[in-house]
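Each residue of the sequence shown is one higher than the one before, starting from 3 at the first, in our numbering. Each residue gets a CB set at the ideal place from its N, CA and C atoms; glycine is no exception. Model, not experiment: these values are computed from the prediction. First the structure, in the form of structure tokens, and then the observations on it.
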Amino acid sequence: MEDEATNQTGNRDNQTAFEVSGPGLEILEQIMPILTAVFFSTILFIGTFGVIGNILNLLVYARLGFSETIHMSFAALAVSDLCCVINLVWTFFCVTPELLALFACHGLRVDPTQLSNFTGGWPHMAFSRTTAFLTSWISLERCLCVILPTKVKVIITRKVTRIVLTAIFIIGCCPVVLAYIDLKFKWILDPASNITTLNMYYDFEGNENIFNGLAILLYGAIYPVCSWIVVTVCTTFLIVKLRRSVKWRKANATATTTTTNTADRDFPINQRNASNRENRATKTIVMIACFVIVFSFPISANNLTALVLRKEYSPYGSLWSLFRLNSGIGMLFSEINSSANIIFYISTGSRFRSVLLQMFSSKCIKN
């Protein structure tokens, strides 16, 4: 969420906040082009894995069908993660010298920070918050499965799931429109060099842009805090229940193995198989939720800091190099979070794993 600083262009003469400088910042400014290249290469590599992984997630859950509501939620999560990864890769590509050189070949000059903010940064922020909300919903659904195992299918039906998932995408993505209200585009042609410069700026006549500020507040503070609270509470509850389930299984293992009657033995075995499936699903959700909590924290902390220190800690402030470094780290963590789900599904989901293997084996047979 780098664009909060664009509100400050033209107002630097009135800046009364402290200026920060030092040898550390000077060195960081000098190596920033190298760091940008490293970040982009890493994000491109992880992003390629994330795009392929999320597409495979969608294909597998489409084959599994959506008779189970959790499959609908996982498919929606894959869509949000896919959009998150694509926008993040584009955000970093906007600040690479290769794209600027491509624009220069066509006689166009663009501020890379503005371009990345408005075409990739804000959409990425919207989808990352949508991912957090979807994870909150999945965690809450699993909690209801544990608390109300006999009533959950009556409470959370396919229709309810469709309504909730649609509402999450609307709540997560629609407020991004606020960031584009009063955004102006100005084309300036330099006859001497025959180069056209594209400027993107907010036109709010010297006043604060309340729409932009509201978008920053929602995506930088309210949304992440709300999703963290829900995910943390639900994940803690699921971990406690999972540990109790493990203890219960160990305590009943001896009684199950010493049963000699076949009819008496079949019931606990079937019951244990169902319990194992539930535990695997719970483990998958717990791992995804923990990943969201840990890997979404850096970018959220960076955005909250930028919200407080809007003039200094921004792409145009005195701490611009530190801001871009932390933004790169935060976005890298965010991309890992959006790309790693397929690993969890493969490691804990036997049905997911078997369908995925069938897909690849059928492709190999056809070839």
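Assuming Asn339 contacts Val294 under a Cβ cut-off of 8 Å, what Cβ separation, rounded to an integer in Å, is found between them?
Here the question's residue 339 lines up with position 337 in the sequence shown. Here the question's residue 294 lines up with position 292 in the sequence shown. So it is a contact: roughly 6 Å between Cβ atoms.
Please classify Thr163 as buried or exposed, where buried requires at least 16 neighbouring CB atoms within 10 angstroms.
Taking the sequence shown and counting its residues from 1, the one referred to as residue 163 is at position 161. By the neighbour-count rule (16 or more Cβ atoms within 10 Å), Thr163 is buried.
For Leu185, which beta-bridge partners are listed by DSSP?
Position 183 of the sequence shown holds residue 185. Partner(s): Tyr204.
Going by DSSP, name the residue or residues bridged to Ile241.
Working through the sequence shown from its first residue, we reach residue 241 at position 239. In DSSP, Ile241 forms no bridge with anything.
Give every residue of the same chain whose Cβ lies closer than 8 Å to the Cβ of Val166, excluding the five residues on either side of it in the sequence, and list them in chain order.
Working through the sequence shown from its first residue, we reach residue 166 at position 164. For Val166, where only same-chain residues beyond five positions count, the Cβ hits under 8 Å are Trp139.
Could you give the distance in angstroms between the alpha-carbon of Val91 and the alpha-carbon of Phe42?
For the purposes of this step, residue 91 is identified with residue 89 of the sequence shown, where counting begins at 1. For the purposes of this step, residue 42 is identified with residue 40 of the sequence shown, where counting begins at 1. So the two alpha carbons sit approximately 8 Å from each other.
Name, in chain order, the residues that DSSP records as bridge partners for Leu191.
Counting from one through the sequence shown, the residue named residue 191 turns up at place 189. Looking at the DSSP assignment, Leu191 forms a beta bridge with Thr198.
Could you tell me the distance, in whole angstroms, from the CA atom of Leu219 to the CA atom of Asp113?
Indexing the sequence shown from 1 puts residue 219 at position 217. Indexing the sequence shown from 1 puts residue 113 at position 111. Between Leu219 and Asp113, the C-alpha separation is close to 25 Å.
Let's test the definition: count the other Cβ atoms within 10 Å of the Cβ of Pro371 and tell me whether it reaches 16, buried, or not, exposed.
Limits of the chain in this structure are 3 at one end and 369 at the other, which puts residue 371 out of reach.
Determine the closest residue to Gly174 out of Phe239, Thr115, Asp83 and Phe187, with distance taken between C-alpha atoms.
Within the sequence shown, the letter at position 172 stands for residue 174. Nearest option by C-alpha distance: Asp83.
Can you name, in chain order, every residue of its own chain whose Cβ lies under 7 Å from the Cβ of Leu191, other than the five neighbours on each side?
Your numbering for residue 191 matches position 189 in the sequence shown. The answer, listed in chain order, is Thr198.
On the premise that Ser341 lies in contact with Val87, defined as a C-beta separation below 8 Å, what is that separation, rounded to the nearest angstrom?
The residue given as residue 87 occupies position 85 in the sequence shown. The residue given as residue 341 occupies position 339 in the sequence shown. Yes, they are in contact, since the Cβ atoms of Val87 and Ser341 sit about 6 Å apart, within 8 Å.
Just to confirm the assignment: which complete alpha helix (DSSP H) runs, minimum length 4, are found wholly within the stretch 299-345?
DSSP runs (the alpha helix (DSSP H)) wholly in the stretch 299-345: 299-310 and 322-341.
Helix, strand or coil for Val40? Go by DSSP, reduced to three states.
For the purposes of this step, residue 40 is taken as the residue at position 38 of the sequence shown. Three-state DSSP puts Val40 in a helix.
Measure the alpha-carbon distance for Leu150 versus Thr71 and round it to whole angstroms.
What you label residue 150 is simply residue 148 of the sequence shown in a count that begins at 1. What you label residue 71 is simply residue 69 of the sequence shown in a count that begins at 1. Roughly 15 Å between the two C-alpha positions.
Considering only C-alpha positions, which residue in the set Leu61, Ile29 and Val97 is nearest to Val81?
As a first step, residue 81 is located in the sequence shown; it is residue number 79 there, counting from the start. Selected option, being the one with the closest Cα: Leu61.
Pairing CB atoms from the stretch 25-41 with CB atoms from the stretch 301-317, are three or more of them under 8 Å?
No, the stretch 25-41 is not in contact with the stretch 301-317.
So within the stretch 120-162, which uninterrupted alpha helix (DSSP H) runs reach at least 4 residues, ignoring any that extend past its ends?
Taking only runs of at least 4 residues, the alpha helix (DSSP H) segments lying wholly in the stretch 120-162 are 124-149 and 154-157.
Between which two residues does the alpha helix (DSSP H) carrying Val91 extend?
The residue given as residue 91 occupies position 89 in the sequence shown. That run of the alpha helix (DSSP H) goes Thr71 to Phe95.
The beta strand (DSSP E) with Leu110 in it runs from where to where?
Start at 1 with the first residue of the sequence shown, and residue 110 comes out as number 108. Segment Leu110 to Val112, the beta strand (DSSP E) holding Leu110.
For Ile170, is the classification buried or exposed, using 16 other Cβ atoms within 10 angstroms of its Cβ as the cut-off for buried?
On the sequence shown, position 168 is the one that residue 170 refers to. Flag for Ile170 reads buried.
What's the call for Thr264, buried or exposed, on a 16-neighbour Cβ count within 10 Å?
For the purposes of this step, residue 264 is taken as residue 262 along the sequence shown, with counting starting at 1. Bear in mind that the predicted position of Thr264 carries a pLDDT of just 49, short of 50, making it too unreliable to give a figure here.
Looking at the structure shown, is Asn214 part of a helix, part of a strand, or coil, going by DSSP?
For the purposes of this step, residue 214 is identified with residue 212 of the sequence shown, where counting begins at 1. Reduced to three states, the DSSP call for Asn214 is helix.
Using CA atoms only, rank isn't needed, just tell me which of Ala223, Phe299, Met202 and Val235 is closest to Glu143.
Along the sequence shown, read from residue 1 onward, the residue named residue 143 stands at position 141. The candidate whose alpha carbon is nearest that of Glu143 is Val235.
Less than 8 Å between C-beta atoms, sequence neighbours within five positions excluded: which residues of the same chain meet that for Leu66?
Numbered from its first residue, the sequence shown carries residue 66 at position 64. Here the set comprises His73, Arg353, Phe354 and Val357.
With distances taken between CB atoms, is the gap from Cys96 to Ser118 smaller than 7 Å?
To locate residue 96, count along the sequence shown from 1; it is residue 94. To locate residue 118, count along the sequence shown from 1; it is residue 116. Yes, the pair counts as a contact, with Cβ atoms nearer than the cut-off.
Would DSSP call Thr98 helix, strand or coil?
Locating residue 98 in the sequence shown gives position 96, where the first residue counts as 1. Three-state result, Thr98: coil.
Tell me whether the beta-carbon of Ala217 lies closer than 7 Å to the beta-carbon of Leu240.
Here the question's residue 217 lines up with position 215 in the sequence shown. Here the question's residue 240 lines up with position 238 in the sequence shown. Cβ distance not < 7 Å, so Ala217 and Leu240 don't count as in contact.
Going by the CB atoms, is the gap between Arg326 and Tyr225 shorter than 7 Å?
Walking along the sequence shown from the start, residue 225 turns up at place 223. Walking along the sequence shown from the start, residue 326 turns up at place 324. The answer is no: Cβ separation not under 7 Å.
Look at the alpha carbon of Phe299 and the alpha carbon of Lys153, and state the distance between them as a whole number of angstroms.
As a working mapping, residue 299 is identified with position 297 in the sequence shown. As a working mapping, residue 153 is identified with position 151 in the sequence shown. If I take the Cα positions, the gap works out to 35 Å.
Counting only the same chain and skipping the five closest in sequence on each side, list residues whose C-beta sits under 6 Å from that of Asn328.
In the sequence shown, residue 328 corresponds to position 326, counting from 1. Closer than 6 Å at the Cβ level, and outside the excluded window around Asn328, lie Asn304.
Which value, in whole angstroms, describes the spacing of the CA atoms of Leu334 and Leu46?
Locating residue 334 in the sequence shown gives position 332, counting from the first residue. Locating residue 46 in the sequence shown gives position 44, counting from the first residue. Each residue's alpha carbon lies about 10 Å from the other.
Closest to Trp230 by CA distance: which of Tyr203, Tyr182, Phe297 and Lys188 is it?
Walking along the sequence shown from the start, residue 230 turns up at place 228. Residue Phe297 is the option with its Cα nearest to Trp230.
Checking 7 Å against the spacing of the C-beta atoms, do Asn201 and Gly109 come in under that value?
As a position in the sequence shown, residue 201 is number 199, starting the count at 1. As a position in the sequence shown, residue 109 is number 107, starting the count at 1. No; because the gap between Cβ atoms is not below 7 Å, this pair is not in contact.
Less than 7 Å between the beta carbons of Thr284 and Phe346, yes or no?
Here residue 284 corresponds to residue number 282 of the sequence shown, with the count starting at 1. Here residue 346 corresponds to residue number 344 of the sequence shown, with the count starting at 1. It is not a contact, given that the beta carbons lie outside the stated cut-off.
Helix, strand or coil: which one does DSSP assign to Phe354?
On the sequence shown, position 352 is the one that residue 354 refers to. Reduced to three states, the DSSP call for Phe354 is helix.
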